[in-house]
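Please read the structure below before turning to the comments.
Protein chains in written order, with the numbering used here: chain A, 1 to 330; chain B, 1001 to 1279.
What follows is the structure, given as C-alpha cells:
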C-alpha cells in the first residue's frame, strides 16, 4: 500500500500524501496471527482495490467502514460479481479464497477498521460449529448481493476507540486485540441471532437500505440540539413514516427514538470516561439543559449515575490489608 | 444453591465462575501452594438485606487467603487463574510489560486489593449472564476475561505511574528492598530483625532503607511487620488448628493479653471472637 502512494511507511503508519487525499492508515500485528489496520482518510479519486484469490492459505478480511457523507455515490461497476462498495457494505467479510474488488467512492471521508484473521483462529475463538454456521450463512447472503450486517451503535463505540493516529494505552497491543475480538463477537452474535429470529431484514431492497443508513447517520450525528422529527426523517428516506419506523427497527433493532437515546447516552459515557469533561459539561454536550434529567436518563441506561462513572476511578495501590480483609467478609 | 463452572480458555487461561447462595455460614480458606499460580478474583456478595459488597483481588498461590460469607448470602465470583509463564507472555511485546512484570514480582506474594467499580461489574455481569446463549458462551467468556485482565493490568500500571512520580528508585534498589522485606517476614516467632540489620542486607543506610521501604510497601517497617504478623495470626485461628494461646506463642508474643491487644488494634475484634465465630 505504501508503495502505491509512493510514501515511506514508518512504524506501520502511513499519512496519505496531499496530492492523493488526506488522513492516515495505521497497522498493527498482533498475537495469534491477527492484524488490524485502522484508517481515517479521504481520497480525491475513487479507489478500487482488487484482491486475487490465493489457494494455499485461507484467511478472512473483515472490514468495518463508516463513510461520513450523506450522499450515496453510485459507482458503475458495483453490479459486478465480487465487487463491493464500501458505502453500502459498511461491514464486509471476505475470504482469501475468492477474488474480491472493493471500491471506495471519491471525496468521501471514511473511517475504517480492517481485521485480518486466519481460519484456525476463527474456529478456536468462536467454536467450530458456530463458525461453520456463521460463515456458510454469511457468505450465502453476501453472494446473493445481500448486505448481511450494518454498523450501529455498539460497533461505532468500539471503532471510535481504535481509530486514532496514536492509541494511548499501557497495554496497547492487548487493547487493540481485545477490541478486534469484540467486533468479531458483535458481528457473529448479532448476525446469528438475527438469522434465528428470521428477521425480515433480508426483504429490504438495496436502495432502501442505503436510505436507512443515511437516516441513521443523520440521527446520531449531533446530540446537542433536538433530534430530527420522524416526518423530517421520512422525507429524507423518501418513505412513509410507518414504513420508516418499521424498517429502521428491523435494521437497527430498536425504534428510532430509543436508538437515538441509547446512542446519546453512549456518547455521554465515552465523554465522561475520557476524563476531559465535568458531568455538567457532558450533560450540555448531549443536549440536556437540566442536569437532573441527564442523571436520570444516564442511570436508566447504565444503572449508575454519571458522577459515579467518574469518581470510581481510583488508582490501584497496595492497600492496607486489614481493611480489605474486613471488606471481603460479607 | 447455584453453580460453579470451570472453563478452560484459549492461551492456557483457566476460569472459575461461582454463582450461588449460601444456606449457612461458610468459610473458604486457601492454603499456600507449592505450584505458583496467579489468581485475579472478582467477588460480589449480596447479603439477605440486599446490601452488596464487591472487590477485586489479585495474588498468587504462594499466599494464604480466606473469606467468610454469612448465611443467605448471594455470592458471585469470577476467578481467572494463570501461571507465571502466562503472565510473562502476556506482558511481553508491550512497552510497559517489563515494568509491570518487575512490579508484580516485587509485590508477590502480596496482593492488590481494590473495590470493584462499575466497569468491572458490567464485565462480570456480562460474563455470568452468558448461560442464556450457550452457543456463544466460550467466545463471550473469552472476551470478557480478556477485558477484565486488560482493565486490571492497565489500572495497576496507572497506579505505578502515579507512585513513581514521587518515587525515584532504581531496579537494583527495588531488588534490595524486596530482599529486606523477605528477611523481615521470614519468621514471626522471634524478634523481628533490627533496622540496622535490614539495612546491611539491603546494602544501604538505615535512613534510606526506611524511606524507600515506606515508598515501596506503603507502611513503615515495623507497622508493616506487625500487619503481616496479625494477618498470619488470623489465618492460624481460622484454620482451627491453633488455639488463641498457641497462636500467640507461635508468633512470639510474650503473653496472651499483649496478643489480644495487638489483634484488636488491627481487626477491631478479639482473637477469641474469631474462635467463637467458627464454632
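Beta carbons are placed, not taken as given, at the ideal position from N, Cα and C, and that holds for glycine.
Identified DSSP bridge partners for residue i
i, result
"residue 1017 of chain B", "B:1005, B:1078"
"residue 1113 of chain B", "B:1057"
"residue 101 of chain A", "A:50, A:83"
"residue 67 of chain A", "A:110"
"residue 94 of chain A", "A:61"
"residue 15 of chain A", "A:24"
"residue 1041 of chain B", "B:1057, B:1079"
"residue 263 of chain A", "For residue 263 of chain A, which the question treats as bridged, DSSP gives no partner whatsoever."
"residue 36 of chain A", "A:28, A:115"
"residue 279 of chain A", "Its beta-bridge partners do not exist; DSSP assigns none."
"residue 1213 of chain B", "In the DSSP output, where bridge partners are listed per residue, residue 1213 of chain B has none listed."
"residue 43 of chain A", "A:21"
"residue 1073 of chain B", "DSSP lists no partner for residue 1073 of chain B."
"residue 945 of chain B", "In the structure displayed, chain B extends from 1001 to 1279; residue 945 of chain B sits before or after that span and is not available."
Beta-carbon proximity list for residue i, same chain, < 7 Å, skipping 5 on both sides
i, result
"residue 82 of chain A", "98, 99, 100, 101"
"residue 1276 of chain B", "none"
"residue 59 of chain A", "96, 116, 117, 118, 119"
"residue 298 of chain A", "265, 268, 305, 306"
"residue 179 of chain A", "158, 161, 162"
Chain A residues whose Cβ lies nearer than 7 Å to that of residue i
i, result
"residue 1147 of chain B", "178"
"residue 1038 of chain B", "Correct list: empty, because the minimum Cβ distance to chain A is about 15 Å."
"residue 1157 of chain B", "170"
Cross-chain neighbours of residue i in chain A, by beta carbon under 8 Å
i, result
"residue 1096 of chain B", "170, 171"
"residue 1118 of chain B", "302, 303, 304, 308, 309, 312"
"residue 1126 of chain B", "By Cβ distance, chain A contributes nothing, its closest Cβ being about 11 Å from residue 1126 of chain B, past 8 Å."
"residue 1150 of chain B", "171, 174, 175, 178"
"residue 1093 of chain B", "31, 173"
9 Å Cβ cut-off: residues of chain A touching residue i
i, result
"residue 1153 of chain B", "170, 171, 174"
Cross-chain neighbours of residue i in chain B, by beta carbon under 7 Å
i, result
"residue 165 of chain A", "Simply none; closest approach about 17 Å."
"residue 185 of chain A", "1139, 1140, 1143"
"residue 182 of chain A", "1143"
Chain B contact residues for residue i, given Cβ-Cβ distances below 9 Å
i, result
"residue 188 of chain A", "1136, 1139"
Partner residues on chain B for residue i, Cβ-Cβ distance less than 8 Å
i, result
"residue 272 of chain A", "Near residue 272 of chain A there are no residues of chain B at all, since even the closest Cβ is about 11 Å away, more than 8 Å."
Spatial neighbours of residue i in its chain, beta-carbon cut-off 6 Å, leaving aside the 5 residues before and after
i, result
"residue 1225 of chain B", "1184, 1192"
"residue 13 of chain A", "26"
"residue 220 of chain A", "263"
"residue 1079 of chain B", "1016, 1039, 1041"
"residue 42 of chain A", "21, 22, 23, 109"
"residue 39 of chain A", "25, 112"
"residue 177 of chain A", "30"
"residue 152 of chain A", "252"
"residue 960 of chain B", "Residue 960 of chain B is absent from the model: chain B starts at 1001 and stops at 1279."
"residue 61 of chain A", "94, 116"
Own chain, CB closer than 8 Å to residue i, minus 5 neighbours either side, in chain order
i, result
"residue 1142 of chain B", "1009, 1010"
"residue 225 of chain A", "287"
"residue 191 of chain A", "134, 137, 138, 148, 149"
"residue 1013 of chain B", "1080, 1081, 1082, 1086, 1145"
Closer than 8 Å: residue i CB and nearest the ligand SAH heavy atom
i, result
"residue 1264 of chain B", "Looking for the ligand SAH in the displayed structure turns up nothing, as the structure carries no ligands at all."
Cutoff 9 Å: residue i Cβ touching any chain C Cβ
i, result
"residue 162 of chain A", "Structure shown: chain C not included; protein chains present are A and B."
Near-chain B residues of the region 10-35 of chain A - C-beta to any C-beta below 7 Å: Going along the region 10-35 of chain A in chain order, one finds no residue with a Cβ nearer than 7 Å to chain B.
Residues of the region 101-130 of chain A with Cβ closer than 7 Å to any Cβ of chain B, in chain order: 124, 125, 126, 127, 130
Cβ pair count under 8 Å reaching 3, the region 121-135 of chain A against the region 45-58 of chain A: no
Meets three-Cβ-pair contact criterion under 8 Å: the region 152-165 of chain A and the region 265-277 of chain A: Taking 8 Å as the limit for Cβ pairs, the verdict is that the region 265-277 of chain A does touch the region 152-165 of chain A.
Sufficient close CB pairs (3 or more, under 8 Å) joining the region 1240-1253 of chain B to the region 1212-1227 of chain B: Because the criterion of three Cβ pairs below 8 Å is not met, the region 1240-1253 of chain B and the region 1212-1227 of chain B do not touch.
Stretch pair the region 162-175 of chain A + the region 1150-1161 of chain B: three plus CB contacts closer than 8 Å: yes
Residues in the region 1218-1237 of chain B having any Cβ partner in chain A nearer than 9 Å: Listed in chain order, the positions of the region 1218-1237 of chain B with a beta carbon within less than 9 Å of a beta carbon of chain A are 1218, 1219, 1227, 1228, 1230, 1231, 1234.
At least three beta-carbon pairs within less than 8 Å, the region 1087-1099 of chain B to the region 1042-1050 of chain B: no
Residues of the region 1006-1018 of chain B with Cβ closer than 9 Å to any Cβ of chain A, in chain order: Cβ contacts with chain A: 1010, 1011.
The region 223-238 of chain A / the region 181-196 of chain A touching (three or more Cβ pairs under 8 Å): When C-beta atoms of the region 223-238 of chain A are compared with those of the region 181-196 of chain A, fewer than three pairs fall below 8 Å, so the two segments do not count as touching.
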